[in-house]
Amino acid sequence: MSSNNINVKNKKAYFEYHIIDKYTAGVKLLGTEIKSIREGKVNINDAFCAFMDDELYIRNMHIAEYSHGSFYNHEAKRDRVLLLQKKELKKLTQKTKEKGYTIVPLYMFISDRGFAKIEIALAQGKKEFDKRESIKERDAKVEMGRLRKF
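Numbering (my numbering), first residue to last: 1 to 150.
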């Protein structure tokens, strides 16, 4: 999937949300931003997606400033446009207008052609008891793994 081994995952998203539908979107970036991403200096844990003027933006995604950049360097936490097809954007706008749905980034990678791509998901927030259930399932899996070793 990625040629440069850029594996930026949002592990918190799977714990906080029920994932309903996944999409792969391109990201509109500046030159110094893609160089920082290739160095692996990106964080999507606190990021979220929002619609502004009929375009989908990813907000709060931190891309560190490029170390060899001059005064052309970018802001670390600016809003970036996500590139999706119109039918996908329409579907996402309709769903996000419903109560409880949001769009969260799951995974960022570099495509075979060298473009930065991000996997986003239409998600619904988990309740507190759902989170406790996830913790119980994870602990049960760990315990089963320990028992198999013996």
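Beta carbons are placed, not taken as given, at the ideal position from N, Cα and C, and that holds for glycine.
With contacts defined as CB atoms closer than 8 angstroms, Gly100 and Glu16 fail to qualify as a contacting pair. Taking C-beta atoms under 8 angstroms as the contact rule, Leu82 and Leu56 qualify, at a distance of about 4 angstroms. Judged by DSSP secondary structure, Tyr101 falls within the beta strand (DSSP E) whose first and last residues are Tyr101 to Ile110. Counting along the chain, Met52 sits inside the beta strand (DSSP E) bounded by residues Phe48 to Met52. The count of Cβ pairs closer than 8 angstroms, one atom from the stretch 49-63 and one from the stretch 79-95, reaches three, so the stretches are in contact. Of the residues Lys149, Tyr14 and Thr93, the one whose Cα lies closest to the Cα of Asn45 is Tyr14.
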